Amino acid sequence: MSAKLYLYPLWLRVWHAFNALFFLVLLITGISMQYSSPDLPIVPFELAVASHNIAGIGIVIAYVLFLLAMMFSPNKKHYKIQFKGLIGRLTKQIQYYVFGVFKKQEPPFPTTEAMKFNPLQQVTYVAVLFVLFPILAITGIALFFPELIVNNVFGVGGTLLTALLHASAGFVVSMFLFIHLYFATMGATFTSNFKSIVSGFHEAH
Amino acid sequence: MKKLKRSLFLSVFCLAILPYSLLAQQNEKCLSCHGEVFYQYENEWTGQMDKRPMNPFYHVDSTKMHLSVHKSFACIDCHSPEYETFPHSGELRMEEKYACIDCHGGDDDYAKYNFEGIEAEFQESVHYKANDEKFNCWMCHDPHGYQLALRENGPIKDVVSLSNDMCLSCHANKFQYGLLSDDDPKAIEDIHAWLPNQRNHFNKVRCIDCHTKVQDDILVSHKILPKAEALRSCVDCHSANSVLMESLYAHRVEESRAQSGFFNATILNEGYMIGANRNKTLNVVSIVLFGLMIFGLMIHFILRLILLKKK
Ligand code: HEM
Chain V
1 MSAKLYLYPL
11 WLRVWHAFNA
21 LFFLVLLITG
31 ISMQYSSPDL
41 PIVPFELAVA
51 SHNIAGIGIV
61 IAYVLFLLAM
71 MFSPNKKHYK
81 IQFKGLIGRL
91 TKQIQYYVFG
101 VFKKQEPPFP
111 TTEAMKFNPL
121 QQVTYVAVLF
131 VLFPILAITG
141 IALFFPELIV
151 NNVFGVGGTL
161 LTALLHASAG
171 FVVSMFLFIH
181 LYFATMGATF
191 TSNFKSIVSG
201 FHEAH
Chain P
1001 MKKLKRSLFL
1011 SVFCLAILPY
1021 SLLAQQNEKC
1031 LSCHGEVFYQ
1041 YENEWTGQMD
1051 KRPMNPFYHV
1061 DSTKMHLSVH
1071 KSFACIDCHS
1081 PEYETFPHSG
1091 ELRMEEKYAC
1101 IDCHGGDDDY
1111 AKYNFEGIEA
1121 EFQESVHYKA
1131 NDEKFNCWMC
1141 HDPHGYQLAL
1151 RENGPIKDVV
1161 SLSNDMCLSC
1171 HANKFQYGLL
1181 SDDDPKAIED
1191 IHAWLPNQRN
1201 HFNKVRCIDC
1211 HTKVQDDILV
1221 SHKILPKAEA
1231 LRSCVDCHSA
1241 NSVLMESLYA
1251 HRVEESRAQS
1261 GFFNATILNE
1271 GYMIGANRNK
1281 TLNVVSIVLF
1291 GLMIFGLMIH
1301 FILRLILLKK
1311 K
């Protein structure tokens, strides 16, 4: 058994649990509405609309609290991207995932208290949390209050653009989710990272 | 009936050659009372001008009348010329009113509307069944203001509000409703409390889109169904083959069928409908991307299993 690091403070784990729950609800009901059909209801439409609304409000509140907590927590240091040499570091990490793992090489950026994310993780988390999430939240709120939406943007309906942006961002985040889940299985053991996000302690390789 | 039709034909003929100014003059007399909040008349007994409030239910809005399908009519084309005298004779009250079919029935000019078909459908409706002749076409079609809505191809919002006002003029007005029923009308918002975003829905769909079934030979179906048969299932509208494409959007569909890569693209001109407006290209792209990702992860996973086991 290798050393354990306390990487995920309680507030972070609580946020993450709610976030994951809300997001799963949003994903399932979102797909269900987008592909709604009388023959094949994944979730009954009325229920899907109601749950999507509730989970949407929930995830936005959780997100705002998360941002607040981040401001006052040392955890934010992990999200500060060092742009110098970033490409090189990303390439290294990708090489590791594509070849290195299979040769049982050591990870190029092992998890430490000072740097818990590898560069690839860092960039995707930042992209998802600080680019895609705001897009989803803003377009989602707009769709919730459609009277806020500009009616017509160069001849294309404002609601249509908003809805397209919302669905596309949702699609990209759900791609992230699958990759996120897959890479989470690549910890010390198949399930050790899942235990970490519950207990807070990270098990090193 | 035949006599009636002939005299109608004559009156219509006369109308055609009547200059509008003359028409306006004719109506002005009636509107000097019926178009105003107060009316005045000379009291023959006292010799004074008496001023009285006009009963709001006898008020005729001349602006609305000018926009209506029967704008070229004089009041006395439909009402007895005896109304020119005031006080109106008490017997005029019993005057039988024309029905739409009296003028429009069997006329090729109006064949596209299929008045006969509409009448037959109307007689199957809950309103007619419950009230018989007491419920007639004028109850919905304001004789002094009916405008064509759907056929005019205006913005959907306008089409919807014109059509819905025809129902709400009664279902949201206890004086009108009270002519037929001893109960007060139930509040429309309460009846439809199960429908989310009600205001948006009522701005974008007509009452009849849920309360009638599409009729092939009639543009606007008139058979209001019993409430148990009203459309309630969200996905009947919110899906790729939305029923709205056969009703509210029926005659717009062909115009834009091939136009864009969206399902039910016509709706997009003025709105967006969850479930009904998917983009075909994005659909394919997203499925392909998703498939590739899953495929990549699977390969990685299998390699992990095989290669790491060996070592
Ligand atoms: C879209 C929804 C999700 C987002 C945006 C998200 C985001 C994140 C972020 C930002 C972290 C790092 C937290 C930190 O240390 O500061 C993290 C860690 C983690 N998440 Fe998620 N997550 C999501 C859904 C899930 C789900 C559904 C699961 C599995 C049930 C999951 C499992 C994990 C695990 C195991 C970790 C720790 C692994 C690691 O060290 O990277 N996540 N997640």
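Taken in order, these protein sequences are the chains called V and P. So the first sequence is numbered by the working numbering: it starts at 1 and just counts up by one. So the second sequence is numbered by the working numbering: it starts at 1001 and just counts up by one. Cβ atoms here follow ideal geometry from the backbone N, Cα and C, with glycine treated the same way. These numbers come from a predicted model, not from an experiment.
Between the CA atoms of residue j and residue i - distance to the nearest angstrom
i: Phe133 (chain V); j: Phe66 (chain V); result: 12 Å
i: Arg89 (chain V); j: Val64 (chain V); result: 31 Å
i: His1066 (chain P); j: Ser1072 (chain P); result: 8 Å
i: Leu1244 (chain P); j: Thr1212 (chain P); result: 12 Å
i: Ala1149 (chain P); j: Ser1068 (chain P); result: 11 Å
i: Thr1063 (chain P); j: Glu46 (chain V); result: 42 Å
i: Phe194 (chain V); j: Phe83 (chain V); result: 29 Å
i: Trp1194 (chain P); j: Ile1306 (chain P); result: 55 Å
i: Phe18 (chain V); j: Ile59 (chain V); result: 8 Å
i: Gly1178 (chain P); j: Ser1169 (chain P); result: 12 Å
i: Asn1027 (chain P); j: Ala1074 (chain P); result: 6 Å
i: Lys1003 (chain P); j: Pro1087 (chain P); result: Here the model assigns Lys1003 (chain P) a pLDDT of 47, short of 50, so the residue's position is not dependable, and the following value carries that caveat. Going by the C-alpha atoms only, they are around 30 Å apart.
i: Pro146 (chain V); j: Ala55 (chain V); result: 18 Å
i: His202 (chain V); j: Lys4 (chain V); result: 5 Å
i: Asn1264 (chain P); j: Asn1277 (chain P); result: 6 Å
i: Leu7 (chain V); j: Val128 (chain V); result: 20 Å
i: Arg1304 (chain P); j: Leu1297 (chain P); result: 10 Å
i: His1059 (chain P); j: Phe1135 (chain P); result: 21 Å
i: Asp1252 (chain P); j: Pro38 (chain V); result: One detail in the question is off: residue 1252 (chain P) reads as Arg in this sequence, not Asp. Each residue's Cα considered, the two are about 24 Å apart.
i: Trp1138 (chain P); j: Leu1031 (chain P); result: 20 Å
i: Gly1154 (chain P); j: Ser1247 (chain P); result: 15 Å
i: Gly1035 (chain P); j: Lys1029 (chain P); result: 10 Å
i: Tyr1098 (chain P); j: Ser1080 (chain P); result: 11 Å
i: Asn1279 (chain P); j: Ser1181 (chain P); result: 48 Å
Residue i (DSSP reduced to helix, strand or coil)
i: Tyr8 (chain V); result: coil
i: Glu1042 (chain P); result: strand
i: Glu1096 (chain P); result: coil
i: Glu203 (chain V); result: strand
i: Asp1109 (chain P); result: helix
i: Arg1199 (chain P); result: helix
i: Asn1279 (chain P); result: strand
i: Pro110 (chain V); result: coil
i: Ile1190 (chain P); result: As written in the sequence, residue 1190 (chain P) is Asp, which differs from the Ile given in the question. In this structure, Asp1190 (chain P) counts as helix in the three-state DSSP scheme.
i: Arg1312 (chain P); result: Residue 1312 (chain P) is absent from the structure shown; chain P starts at 1001 and stops at 1311.
i: Phe1262 (chain P); result: strand
i: Asp1183 (chain P); result: coil
i: Thr185 (chain V); result: coil
i: Cys1030 (chain P); result: helix
i: Gly170 (chain V); result: helix
i: Thr191 (chain V); result: coil
i: Gly1154 (chain P); result: coil
Same chain, Cβ closer than 6 Å to residue i, neighbours up to 5 away in sequence not counted
i: Ile1101 (chain P); result: Phe1115, Glu1119
i: Val1284 (chain P); result: none
i: Phe1301 (chain P); result: none
i: Cys1207 (chain P); result: Asn1164, Cys1167
i: Ala137 (chain V); result: Val60
Residue burial classification, residue i (beta-carbon count within 10 angstroms, cutoff 16)
i: Leu160 (chain V); result: buried
i: Pro119 (chain V); result: buried
i: Gly140 (chain V); result: buried
i: Val1037 (chain P); result: exposed
i: Trp15 (chain V); result: buried
i: Met33 (chain V); result: buried
i: Ala62 (chain V); result: buried
i: Arg1199 (chain P); result: exposed
i: Ser1242 (chain P); result: buried
i: Gly1261 (chain P); result: exposed
i: Leu1268 (chain P); result: buried
i: Leu1092 (chain P); result: exposed
i: Lys1204 (chain P); result: buried
i: Thr1266 (chain P); result: buried
i: Ala163 (chain V); result: buried
Residues that residue i contacts on chain P, provided the C-beta gap is smaller than 9 Å
i: Glu106 (chain V); result: Within chain P, no residue comes near Glu106 (chain V); the closest Cβ sits about 14 Å away, beyond 9 Å.
i: Phe99 (chain V); result: Within chain P, no residue comes near Phe99 (chain V); the closest Cβ sits about 10 Å away, beyond 9 Å.
Amino acids of chain V, ordered along the chain, whose beta-carbon sits closer than 8 Å to that of residue i
i: Met1342 (chain P); result: Because chain P spans 1001 through 1311 in this model, residue 1342 (chain P) falls outside it and cannot be assessed.
Beta-carbon proximity list for residue i, same chain, < 7 Å, skipping 5 on both sides
i: Met1049 (chain P); result: Gln1040, Glu1042
i: Arg1052 (chain P); result: Phe1038, Tyr1039
i: Ser1239 (chain P); result: Gly1275, Ala1276
Per-residue contacts from residue i into chain V (C-beta, under 7 Å)
i: His1238 (chain P); result: Ser36, Phe45
i: Gly1047 (chain P); result: Within chain V, no residue comes near Gly1047 (chain P); the closest Cβ sits about 59 Å away, beyond 7 Å.
Chain-order list of residues whose beta-carbon lies under 8 Å from that of residue i (same chain, five-residue window excluded)
i: Glu1121 (chain P); result: Gln1215, Ile1218, Ser1221, His1222, Lys1223
heavy atom of the ligand FAD below 6 Å from residue i C-beta
i: Phe72 (chain V); result: Questions concerning the ligand FAD fall outside what the structure shown contains, since the ligands it does hold are the ligand HEM.
Chain-ordered neighbours of residue i on chain V, where CB pairs are closer than 9 Å
i: Phe1290 (chain P); result: Phe171, Ser174, Met175, Phe178
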